[in-house]
Amino acid sequence: AQSVTQPDIHITVSEGASLELRCNYSYGATPYLFWYVQSPGQGLQLLLKYFSGDTLVQGIKGFEAEFKRSQSSFNLRKPSVHWSDAAEYFCAVGAPGGSYIPTFGRGTSLIVHP
Amino acid sequence: DAGVIQSPRHEVTEMGQEVTLRCKPISGHNSLFWYRQTMMRGLELLIYFNNNVPIDDSGMPEDRFSAKMPNASFSTLKIQPSEPRDSAVYFCASSLPGGNTIYFGEGSWLTVV
Numbered sequence: 024a025q026s027v028t029q030p031d032i033h034i035t036v037s038e039g040a041s042l043e044l045r046c047n048y049s050y051g052a053t054p055y056l057f058w059y060v061q062s063p064g065q066g067l068q069l070l071l072k073y074f075s076g077d078t079l080v081q082g083i084k085g086f087e088a089e090f091k092r093s094q095s096s097f098n099l100r101k102p103s104v105h106w107s108d109a110a111e112y113f114c115a116v117g118a119p120g121g122s123y124i125p126t127f128g129r130g131t132s133l134i135v136h137p
Numbered sequence: 050d051a052g053v054i055q056s057p058r059h060e061v062t063e064m065g066q067e068v069t070l071r072c073k074p075i076s077g078h079n080s081l082f083w084y085r086q087t088m089m090r091g092l093e094l095l096i097y098f099n100n101n102v103p104i105d106d107s108g109m110p111e112d113r114f115s116a117k118m119p120n121a122s123f124s125t126l127k128i129q130p131s132e133p134r135d136s137a138v139y140f141c142a143s144s145l146p147g148g149n150t151i152y153f154g155e156g157s158w159l160t161v162v
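Chains as they are written, first to last, in this note's numbering: chain A, 24 to 137; chain B, 50 to 162.
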């Protein structure tokens with residue numbers, strides 16, 4: 024079974040600074056990988072996803088993520104954070120060809136200082 | 050296009066009362082999922098349906114919880130009787146046939162006092 028770890032419970036950055044949120048997964052082959060964002064009081068919104076091909080994936084709101092097979096990682100990045108990016112971010116991993124239902128990490132809470 | 054629609058958005062109820070949460074998936078999606086989110090346990094999959102048929106309900110906490118999907122455009126999650134430890138955000142989500150991306154509703158925020 025697949026699993027996913029988000030090592031950072033909280034991340035604090037200043038507005039305008041760059042951001043990287045870490046995600047590590049465990050799966051025997053190349054998985055499906057997702058990042059979702061949850062703003063306060065809202066549901067989870069899909070930011071981006073990786074299934075195959077180019078390992079650098081572009082998403083909405085200026086986010087990108089890079090799949091690194093050698094490190095079993097799928098870190099989320101943004102070059103310049105805006106105050107509105109403050110939210111909870113979830114990484115998820117799914118198993119192609121089987122039950123694709125993703126397993127979610129525990130989330131990383133992003134705090135943005137002005 | 051309308052996303053996944055859940056109701057009620059917020060509910061406060063007394064312990065012992067029956068709670069019914071409702072969900073309308075995205076049109077054309079044939080898989081539907083119920084998740085529960087708490088601070089302690091994070092996001093947990095409770096049950097999912099394919100073509101209105103429950104496939105895996107191993108995440109349903111206990112017999113007090115039940116879910117139905119009488120047709121392709123409607124599902125319910127019922128808790129009877131409710132307990133304070135059921136307080137959580139309940140999300141419904143759906144995906145396309147053979148799809149691999151899940152789309153979430155905005156959640157039902159349940160408080161049992």
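Heads up, the beta-carbon is just placed ideally off N, CA and C, and yes, glycines get one too.
- Residue 55(A) is positioned such that its CB atom lies no closer than 7 Å to that of residue 79(B).
- Bridge partners of residue 60(A) according to DSSP: 68(A) and 112(A).
- Under the Cβ criterion of 7 Å, residue 117(A) is counted among the residues facing chain B.
- Shown here, residue 106(B) sits in coil according to DSSP, grouped into three states, outside any helix or strand.
- Taking a cut-off of 8 Å on C-beta distances, the stretch 93-102 of chain A touches the stretch 44-54 of chain A, as three or more cross pairs fall below it.
- Under a criterion of Cβ atoms nearer than 7 Å, the residues of chain A adjacent to residue 153(B) are, in order, 66 and 67.
- Scanning its chain for C-beta atoms nearer than 7 Å, with the 5 sequence neighbours on each side dropped, one finds around residue 140(B) the residues 84, 86, 153, 154 and 156, in chain order.
- Taking all protein chains in view, the Cβ of residue 80(A) is crowded by 16 or more other Cβ atoms within 10 Å, so the residue is classified as buried.
- Taking a C-beta cut-off of 7 Å against chain A, the contacting residues of the stretch 121-141 of chain B are 140, listed in chain order.
- When the alpha-carbon of residue 130(A) is set against those of 95(A), 53(A) and 112(A), the nearest one is in 112(A).
- Chain A places no beta carbon closer than 7 Å to that of residue 65(B), leaving this residue out of the contacts.
- Per DSSP, reduced to three states, the secondary structure at residue 130(A) is coil, with no helix or strand assignment.
- Cβ neighbours of residue 35(A) within its own chain (closer than 6 Å, five residues either side excluded): 134.
- Residue 77(B) is classed as exposed because its beta carbon has fewer than 16 other beta carbons within 10 Å across all chains shown.
- When DSSP states are grouped into helix, strand and coil, residue 93(A) belongs to the helix group.
- A straight-line Cα-Cα distance of about 8 Å links residue 53(A) and residue 92(A).
- In this structure, the CA atom of residue 138(B) is about 32 Å from the CA atom of residue 75(A).
- In the DSSP assignment, residue 86(B) falls within the beta strand (DSSP E) that extends over 80-87.
- In the three-state scheme derived from DSSP, where H, G and I count as helix and E and B as strand, residue 151(B) is classed as coil.
- Contact of residue 50(A) with chain B is not assigned, every C-beta pair being separated by 7 Å or more.
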